[in-house]
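For the sequence shown, the working numbering assigns the number 475 to the last residue and increments by one with no breaks. C-beta atoms are modelled at their ideal positions from N, C-alpha and C, and glycine is treated no differently. The structure appears right after this line, and notes come after that.
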Amino acid sequence: MRKIIHVDMDCFFAAIEQRDDSSLKNMPVAVGGRPHSRGVVSTCNYEARRYGVHSAMPSAQAARLCPDLVFVRPNIAKYKQESQKIRGIFKRYTEKIEPLSLDEAYLDTTDSPHCYGSATWIAQAICNEIYQATQLTASAGVARSKFLAKIASDWNKPNGIKVVLPENEIAFIDQLPVKKLHGVGKVMTAKLESMDIFNCRELRQIELNVLLKRFGKTGKYLYDLCRGIDLREVKSSSHRKSISVETTFDENMSEWQDCENALHQLLSNLSRRIANVEKADNIRKVYVKVKSANFSLHTAESISIGLDFKLIIALLKRLRKQHPEPIRLLGVGVKFPDKPKASGIKQMDIPF
Numbered sequence: 124m125r126k127i128i129h130v131d132m133d134c135f136f137a138a139i140e141q142r143d144d145s146s147l148k149n150m151p152v153a154v155g156g157r158p159h160s161r162g163v164v165s166t167c168n169y170e171a172r173r174y175g176v177h178s179a180m181p182s183a184q185a186a187r188l189c190p191d192l193v194f195v196r197p198n199i200a201k202y203k204q205e206s207q208k209i210r211g212i213f214k215r216y217t218e219k220i221e222p223l224s225l226d227e228a229y230l231d232t233t234d235s236p237h238c239y240g241s242a243t244w245i246a247q248a249i250c251n252e253i254y255q256a257t258q259l260t261a262s263a264g265v266a267r268s269k270f271l272a273k274i275a276s277d278w279n280k281p282n283g284i285k286v287v288l289p290e291n292e293i294a295f296i297d298q299l300p301v302k303k304l305h306g307v308g309k310v311m312t313a314k315l316e317s318m319d320i321f322n323c324r325e326l327r328q329i330e331l332n333v334l335l336k337r338f339g340k341t342g343k344y345l346y347d348l349c350r351g352i353d354l355r356e357v358k359s360s361s362h363r364k365s366i367s368v369e370t371t372f373d374e375n376m377s378e379w380q381d382c383e384n385a386l387h388q389l390l391s392n393l394s395r396r397i398a399n400v401e402k403a404d405n406i407r408k409v410y411v412k413v414k415s416a417n418f419s420l421h422t423a424e425s426i427s428i429g430l431d432f433k434l435i436i437a438l439l440k441r442l443r444k445q446h447p448e449p450i451r452l453l454g455v456g457v458k459f460p461d462k463p464k465a466s467g468i469k470q471m472d473i474p475f
């Protein structure tokens with residue numbers, strides 16, 4: 124039986140800033156761009172969330188909802204340093220770790236000898252060690268699958284643990300809105316709700332052939348997930364599929380020379396990021412994206428061996444010709460090829 128833990132730090136960036144600056148104690152804090160710019164909230168603490176502020180919200184809107192909100196510029200280098208400490212703690216309990224971002228990861232503790240093999244106790248030990256090492260709290264979900272572990276980690280936030288025992292899986296899943304299912308976004312949620320399917324219990328009543336007819340292969344995926352079937356493994360060696368950078372302008376940009384100058388700056392940043400993680404020769408595609416003043420998003424991509432600046436500039440020219448309206452965001456990225464697939468304790472009451 125698999126034992127998967129999903130560990131998710133609580134308000135990671137904001138919590139670090141509060142820890143390091145005593146003047147922010149008990150204050151609503153948002154890490155992100157300033158409200159007078161076109162920045163967005165990267166993360167915010169629970170004091171700010173009480174006002175309706177949330178991640179990815181425009182900073183100006185967040186400031187209107189919470190006039191006392193304190194904005195702090197992101198310090199990614201500091202956050203990475205804390206993240207490395209946390210991953211070091213993970214490694215004390217298992218080598219099977221799949222980081223999702225700086226502040227969350229899956230751990231497969233199925234074969235871990237620690238804590239008598241109890242994933243529940245391992246999750247508790249990890250959260251305790253994280254706090255002792257960083258003075259930051261984490262929440263964790265424990266289950267047989269990644270899908271359930273991730274949902275469970277959000278259940279008792281902040282600083283809590285939720286365990287979904289195998290015998291309780293269906294009862295737990297039944298209460299979930301369909302939008303909680305992994306991979307189900309706004310469009311899919313709307314389609315399901317148009318069929319009067321609002322939660323997983325209602326979804327499980329639908330026959331497989333109906334779901335296949337309506338959603339194709341995704342129908343089988345939905346059929347399995349609402350039954351707790353998720354066979355995805357914790358991938359300890361992740362393969363980067365793409366790298367990108369982007370910028371949102373303080374004012375809409377329409378002049379070609381301004382756009383080209385901004386693109387060159389982005390390409391310089393992209394080159395440095397690629398040098399840190401991949402060989403440029405491994406690049407197989409390049410792409411450019413623009414977001415217009417009306418928030419419509421347009422992209423252009425091309426096959427490329429390496430980072431071809433001239434090709435990328437040509438892609439931007441094509442986009443500007445097709446969509447000449449002023450732009451508020453410009454981004455550029457590269458894609459890499461898929462990685463080839465590699466051919467006395469007995470008397471104790473030990474929990475799952």
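Going straight from the alpha carbon of residue i to that of residue j, what length do you get?
i: K412; j: V154; result: 25 Å
i: H446; j: Y202; result: 38 Å
i: G308; j: A398; result: 34 Å
i: F194; j: V176; result: 12 Å
i: E424; j: L438; result: 7 Å
i: K343; j: G306; result: 13 Å
i: S165; j: A385; result: 23 Å
i: R363; j: Q380; result: 33 Å
i: A313; j: R215; result: 43 Å
i: D461; j: N392; result: 24 Å
i: P236; j: Q298; result: 34 Å
i: F372; j: L452; result: 6 Å
i: I329; j: E316; result: 13 Å
i: K148; j: Q141; result: 6 Å
i: D420; j: K414; result: A quick correction: the sequence has Leu, not Asp, at residue 420. L420 and K414: Cα-Cα distance of roughly 4 Å.
i: F136; j: Q204; result: 12 Å
i: L326; j: V301; result: 8 Å
i: R396; j: S178; result: 24 Å
i: L259; j: N291; result: 30 Å
i: V163; j: P474; result: 42 Å
i: D133; j: A246; result: 15 Å
i: D146; j: K440; result: A small fix is needed here, since residue 146 is Ser in this sequence, not Asp. Roughly 48 Å between the two C-alpha positions.
i: R157; j: M180; result: 12 Å
i: L225; j: C167; result: 15 Å
i: V310; j: I320; result: 13 Å
i: A294; j: K444; result: 55 Å
i: A200; j: D143; result: 14 Å
i: L345; j: H387; result: 43 Å
i: M376; j: K433; result: 21 Å
i: F338; j: L331; result: 10 Å
i: V368; j: A138; result: 25 Å
Where does residue i sit, in a helix, a strand or coil, going by DSSP?
i: A171; result: helix
i: R451; result: strand
i: N149; result: coil
i: N322; result: strand
i: P289; result: helix
i: M124; result: coil
i: I329; result: coil
i: D131; result: strand
i: G351; result: coil
i: G480; result: Lying before the first or after the last residue shown, residue 480 is absent from the chain, which here runs from 124 to 475.
i: K280; result: coil
i: D144; result: coil
i: V310; result: helix
State yes or no: is the C-beta of residue i within less than 8 Å of the C-beta of residue j?
i: T370; j: L389; result: yes
i: I127; j: V286; result: no
i: K273; j: G283; result: no
i: D347; j: S268; result: no
i: A416; j: E378; result: no
i: L430; j: V409; result: yes
i: S365; j: K458; result: yes
i: Y169; j: L188; result: no
i: I406; j: I428; result: yes
What does a CB cutoff of less than 6 Å around residue i pick up in its chain, not counting 5 residues either side in sequence?
i: D131; result: E227, S262 and S276
i: I220; result: F213, A228, L230 and S359
i: S209; result: What sits at residue 209 in the sequence shown is Ile, not Ser. Correct list, in chain order: I253.
i: S160; result: D373
i: S244; result: The question names Ser, yet the displayed sequence has Trp at residue 244. Within the same chain, W244 has close Cβ partners C238.
i: L288; result: F475
i: M124; result: none
Excluding five sequence neighbours on each side, which residues of the same chain lie with their C-beta closer than 7 Å to the C-beta of residue i?
i: I296; result: C323, C349 and G351
i: S466; result: In this predicted model, S466 has a pLDDT of only 47, less than 50, meaning its place in the structure is not dependable enough to derive any value.
i: A256; result: K208 and I212
i: I468; result: At I468, the pLDDT of 49 sits below 50, so the modelled position is not reliable and the matter cannot be decided from this model.
i: L192; result: P151, A153, A171, V176, A185 and A186
i: A266; result: I127, A272, A275 and V287
i: V333; result: none
To which residues of the same chain is residue i closer than 8 Å at the C-beta, ignoring the five residues directly before and after it?
i: G211; result: none
i: A248; result: Y216, H237 and C238
Segments of 4+ residues assigned as alpha helix (DSSP H) that fall wholly inside the region 151-212: 169-172 and 182-188
Complete alpha helix (DSSP H) runs within the region 355-442 (minimum length 4 residues, chain order): 379-400
Beta strand (DSSP E) runs contained entirely in the region 207-270, provided each spans 3 or more residues: 220-224, 227-231 and 261-266
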